[in-house]
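Peer 1: Residue numbers (the numbering used here): 10 to 121. For every residue, glycine included, the Cβ atom is placed at its ideal position computed from N, Cα and C. Dumping the structure here so I can ask a few things about it.
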């Protein structure tokens with residue numbers, strides 16, 4: 010019985026870690042890309058998010074940051090290459106992001 014209670018406690022802690030995260034989806038054209046020295050970058054889109062980016066300062070800016078929303082350093086590099094390709098070719102990208110923060114951290118994207 011002690012094992013079951015202990016296991017249940019660990020399960021609740023692990024499951025409760027991302028209670029506030031909410032995935033939203035959107036597609037837009039890239040207006041600019043701003044790489045930063047820590048490996049992260051900001052994507053500025055041509056239009057405001059209609060999918061719930063909670064940023065009050067600039068709802069056109071979304072962030073790709075290693076260690077946020079499940080993104081690794083290599084994942085951020087791959088997404089940067091994809092975003093720059095979409096920017097140069099003028100294609101739209103579709104992406105998933107966490108709309109529970111004002112940074113709207115992206116964790117996956119694709120060129121449409």
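Between which residues of its own chain and residue 63 is the CB-CB distance below 8 Å, once the five residues before and five after are set aside?
Peer 2: Cβ within range, chain order: 108, 109, 110, 111 and 113.
Peer 1: Which residues bound the alpha helix (DSSP H) around residue 112?
Peer 2: That residue, residue 112, is in no alpha helix (DSSP H); it is neither H nor E in DSSP.
Peer 1: What first and last residue would you give for the alpha helix (DSSP H) that runs through residue 97?
Peer 2: Start and end: 82–98.
Peer 1: Unbroken beta strand (DSSP E) runs of length 3 or more, entirely within the stretch 36–82: which are they?
Peer 2: With a minimum length of 3 residues, the continuous beta strand (DSSP E) runs that stay inside the stretch 36–82 are 50–54 and 70–73.
Peer 1: Could you check which residue in 121, 41, 117 and 31 has the C-alpha nearest to that of residue 2?
Peer 2: Outside the shown range of the chain, which is 10 to 121, sits residue 2, and nothing can be said about it.
Peer 1: Going straight from the alpha carbon of residue 97 to that of residue 81, what length do you get?
Peer 2: Computed Cα separation, rounded: 24 Å.
Peer 1: Going by the CB atoms, is the gap between residue 54 and residue 115 shorter than 8 Å?
Peer 2: No, the pair does not count as a contact, with Cβ atoms beyond the cut-off.
Peer 1: For residue 31, name the three-state secondary structure that DSSP assigns.
Peer 2: Coil.
Peer 1: Cα separation between residue 32 and residue 48?
Peer 2: Each residue's Cα considered, the two are about 22 Å apart.
Peer 1: Answer yes or no: do residue 103 and residue 119 have a C-beta to C-beta separation smaller than 8 Å?
Peer 2: Taking 8 Å as the Cβ cut-off, residue 103 and residue 119 qualify as a contacting pair.
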